[in-house]
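**Student:** Starting off with a structure, shown below.
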Amino acid sequence: MDVSQTETMKKVFAMFDQGKTGFVETSEFGNILRQLGSNVDDDELQAKIDEVDKESKKMKSIKKEAFRLYDKEGDGFITTQVLKEILKELDPKLTKDDLENIIEEVDEDGSGTVDFDEFMEMMTG
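Take the sequence shown: its letter number 65 is residue 65 in UniProt numbering, and every next letter is one higher.
Here you go:
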């Protein structure tokens with residue numbers, strides 16, 4: 001998809017996202033695709049959405065389990081230091097400044113800890 005197509009998709013999406021939530025109802029998604037010129041069957045679309053939802057739930061479960069592995073105290077938090085170690089393991093090329101910037105973004109409340117919601121936001125971009 002080129003830049004022009006991406007911009008068109010964003011504009012059409014914004015037309016249907018009247019609440020500015022970043023989400024649209026499943027029923028509206030078919031209308032978006034039709035606005036973009038796709039001939040989509042509602043049943044096939046629903047089947048695809050169900051498939052994606054299932055995979056999404058599975059991935060969330062995997063991420064939750066990964067979070068629990070590092071939440072050794074079981075209190076629903078990991079320290080930012082532990083998160084730095086995780087990130088460094090995932091990408092050894094990250095510099096100290098890179099890690100600090102990531103932590104600053106993820107630990108929005110500056111608590112020195114990251115809860116599961118903050119962790120999920122980081123993992124999903």
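Glycine residues also receive a C-beta, built at the ideal position from the N, C-alpha and C atoms.
This one's a predicted model, so the numbers in the text were calculated from it and none came from an experiment.
Can you give the beta carbon distance from ASN31 to PHE13, rounded, assuming they're within the 8 angstroms contact cut?
**Tutor:** With 8 angstroms as the limit, ASN31 and PHE13 do not qualify as a contact, their Cβ atoms being about 11 angstroms apart.
**Student:** So, for LYS63: in the same chain, excluding its five sequence neighbours on each side, which residues have a beta-carbon less than 8 angstroms away from its beta-carbon?
**Tutor:** So the qualifying residues of the chain are PHE119, MET120, MET123.
**Student:** Examine the ligand COA and report whether any of its heavy atoms sits within less than 7 angstroms of the Cβ of ASN101.
**Tutor:** By its list of ligands, the structure shown contains no ligand whatsoever, and the ligand COA lies outside what it can speak to.
**Student:** Tell me the rounded alpha-carbon separation between THR8 and ASP71.
**Tutor:** Between THR8 and ASP71, the C-alpha separation is close to 42 angstroms.
**Student:** Hey, out of PHE116, ASN39, GLN46, whose CA is closest to THR26's CA?
**Tutor:** The shortest C-alpha separation from THR26 is found at GLN46.
**Student:** Should ILE78 go down as buried or exposed, given a rule of 16 or more other Cβ atoms within 10 Å for buried?
**Tutor:** Result: buried.
**Student:** So, using beta-carbon positions, are ILE103 and LEU83 closer together than 8 angstroms?
**Tutor:** Cβ atoms of ILE103 and LEU83: closer than 8 angstroms.
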